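Colleague: Quick one: the structure is below, questions incoming.
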Amino acid sequence: MAAQKIFKEMLRYFRLVTDRKLNPDIMRRQIDFIQHETRSDYTVVVVDSLHKLPFQDLSDRRTGIDSWLRHMESIRDEQNVSFFVVSELSRGEGGSYSERPDLGSFKESGDIVKKACGYISIGLDRMIEKEGGISSKLRDNHCALFLKKHPLSSIFRVGYGLALKLKWRAEKWLDKCWFAKMGLPLTFWGEEWTGVLGGILIKKPLFYDNYKSGLLYREFVSINDIKETETQLDKIIAFDNLLSLMTINLKPLSSYRFLSHKNLILTLWARRHLKLPEEPDPLAVDKFKRFYALLFSDKGKQQKIGQPMKESFLKWLAERTKTSDFELSKNLGETFEKLFSEIEIEYGQVSSEDLDPRYIHLFLVEK
Numbered sequence: 009m010a011a012q013k014i015f016k017e018m019l020r021y022f023r024l025v026t027d028r029k030l031n032p033d034i035m036r037r038q039i040d041f042i043q044h045e046t047r048s049d050y051t052v053v054v055v056d057s058l059h060k061l062p063f064q065d066l067s068d069r070r071t072g073i074d075s076w077l078r079h080m081e082s083i084r085d086e087q088n089v090s091f092f093v094v095s096e097l098s099r100g101e102g103g104s105y106s107e108r109p110d111l112g113s114f115k116e117s118g119d120i121v122k123k124a125c126g127y128i129s130i131g132l133d134r135m136i137e138k139e140g141g142i143s144s145k146l147r148d149n150h151c152a153l154f155l156k157k158h159p160l161s162s163i164f165r166v167g168y169g170l171a172l173k174l175k176w177r178a179e180k181w182l183d184k185c186w187f188a189k190m191g192l193p194l195t196f197w198g199e200e201w202t203g204v205l206g207g208i209l210i211k212k213p214l215f216y217d218n219y220k221s222g223l224l225y226r227e228f229v230s231i232n233d234i235k236e237t238e239t240q241l242d243k244i245i246a247f248d249n250l251l252s253l254m255t256i257n258l259k260p261l262s263s264y265r266f267l268s269h270k271n272l273i274l275t276l277w278a279r280r281h282l283k284l285p286e287e288p289d290p291l292a293v294d295k296f297k298r299f300y301a302l303l304f305s306d307k308g309k310q311q312k313i314g315q316p317m318k319e320s321f322l323k324w325l326a327e328r329t330k331t332s333d334f335e336l337s338k339n340l341g342e343t344f345e346k347l348f349s350e351i352e353i354e355y356g357q358v359s360s361e362d363l364d365p366r367y368i369h370l371f372l373v374e375k
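Numbered per this note's numbering, the sequence shown spans residues 9 to 375.
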């Protein structure tokens with residue numbers, strides 16, 4: 009209720025301008041009036057679309073828009089104003105606005121507004137987290153106070169900055185990581201992790217949604233999106249660090265049918281369990297079937313991997329990397345459990361006689 013009250017108070021200072029005779033001087037006076045009325049030295053101006061602004065010469069759209077942009081920069085600096093342009097006009101070849109616009113010439117206004125709102129929401133959540141000790145009941149009140157106290161552009165920058173930090177962290181890691189030094193492609197990390205990395209390594213980072221909302225990638229819209237991506241990045245980096253400690257002599261990439269972080273580490277473990285040389289070489293089919301028989305302890309309709317095999321895997325990794333069981337479990341325990349579950353789902357209902365190397369992707373097996 010308190011938040012609604014503050015929001016209604018803010019609406020008193022909202023001004024809608026639809027004057028087709030609007031020019032930069034009139035805009036300056038409107039801003040002066042609002043700042044005087046609100047006793048505030050800061051104003052937010054939302055422009056629906058650059059191409060809808062009045063131009064002196066309607067025949068030269070480019071010159072008109074460029075003139076408005078120069079005035080906006082001046083107003084921004086002189087009168088402490090933040091401009092939000094809801095829809096941007098796309099330029100034609102050579103940066104010209106002179107082409108006749110079609111529906112494809114303009115960005116969707118809703119997408120731009122949604123992006124801005126998402127990062128403002130993320131920014132507010134982070135600011136509240138920094139305050140500490142704020143209950144969920146008081147969250148809305150604090151959000152309203154932050155909105156009243158801080159410029160929207162500053163809150164937006166806090167939110168967008170979190171996405172950029174993920175991008176910069178991934179880029180910094182990419183410069184020195186094991187998998188890049190080995191010349192491996194991004195697909196080495198499998199569908200999910202490749203999707204996460206692909207989203208944050210582009211110029212303007214996106215959240216890997218994997219069609220949960222109908223899109224493969226979308227804008228970050230909540231602090232949970234940021235935290236989820238950060239968690240996935242932590243796991244990728246931890247797995248890469250693990251592999252860097254194992255002194256793996258990979259063959260040329262062309263010698264593998266498909267190489268991933270999953271089938272690489274599982275194959276090395278299987279070879280150790282079978283007392284074979286711990287080299288990243290595909291298993292012969294008969295050798296894999298022997299390992300397969302040892303892998304599952306529950307021989308029911310849906311076979312399960314027993315705890316002794318899981319402990320054997322962890323012990324082998326600890327010895328190979330000279331890392332404690334505790335450290336491995338803390339950094340990658342959840343990842344390993346998910347990997348074992350994936351094995352059970354993929355092969356738990358398949359008898360050893362029916363195993364076909366063409367459909368085995370979690371281990372390296374000879375054709």
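From the three backbone atoms N, C-alpha and C, an ideal C-beta is built for every residue, glycine too. As the structure is a computational prediction, the values presented were derived from the model and not from experiment.
Can you check whether the CB of Gly341 is closer than 8 Å to the CB of Lys312?
Modeller: Against a cut-off of 8 Å, the Cβ pair of Gly341 and Lys312 comes out as no contact.
Colleague: Starting from the Cα of Gln310, find the closest Cα among Glu286, Ile351, Asn271 and Phe299 and give me that residue.
Modeller: Looking at the Cα atoms, Ile351 is the closest of the given residues.
Colleague: Beta-carbon within less than 6 Å of Phe187's beta-carbon, same chain only, minus the 5 sequence neighbours each way: which residues are those?
Modeller: Contacts found: Phe196 and Asp248.
Colleague: Val358 to Asn271, Cα distance in whole Å?
Modeller: The alpha-carbon atoms of Val358 and Asn271 are separated by roughly 18 Å.
Colleague: Hey, quick one: how far does the beta strand (DSSP E) through Thr51 stretch, first residue to last?
Modeller: Start and end: Thr51 to Ser57.
Colleague: If you scan the region 233-302 from start to end, which runs of the alpha helix (DSSP H) of 4 or more residues do you find wholly inside it?
Modeller: Listed in chain order, the complete alpha helix (DSSP H) runs (minimum 4 residues) inside the region 233-302 are 269-281.
Colleague: With hydrogens ignored, establish whether the beta-carbon of Glu286 is closer than 7 Å to any heavy atom of the ligand NAP.
Modeller: By its list of ligands, the structure shown contains no ligand whatsoever, and the ligand NAP lies outside what it can speak to.
Colleague: What is the DSSP secondary structure of Arg23, counted as helix, strand or coil?
Modeller: Residue state, collapsed to three classes: coil.
Colleague: Is it true that the CB of Tyr300 sits closer than 8 Å to the CB of Leu224?
Modeller: Contact: no.
Colleague: Can you give me the Cβ contacts of Ile234 inside the same chain, cut-off strictly under 8 Å, excluding the 5 residues immediately before and after it?
Modeller: Result list for Ile234: Ile130, Leu170, Ala171, Leu174 and Phe228, in chain order.
Colleague: Do Leu241 and Arg226 have their C-beta atoms closer together than 8 Å?
Modeller: Not closer than 8 Å, so no.
Colleague: Could you tell me which of Gly203, Thr275, Met317 and Leu291 sits nearest to Glu345, measuring between CA atoms?
Modeller: The shortest Cα separation from Glu345 among Gly203, Thr275, Met317 and Leu291 belongs to Met317.
Colleague: Report all residues from its chain with a CB closer than 7 Å to the CB of Ala292; omit the five preceding and five following residues, and keep chain order.
Modeller: So the qualifying residues of the chain are Glu374.
Colleague: Does the pairing of the region 245-259 with the region 123-139 give three or more beta-carbon distances under 8 Å?
Modeller: Short answer: they don't touch.
Colleague: Taking the alpha-carbon positions, what's the Pro62 to Arg28 distance?
Modeller: Looking at the two C-alpha atoms, the distance is approximately 6 Å.
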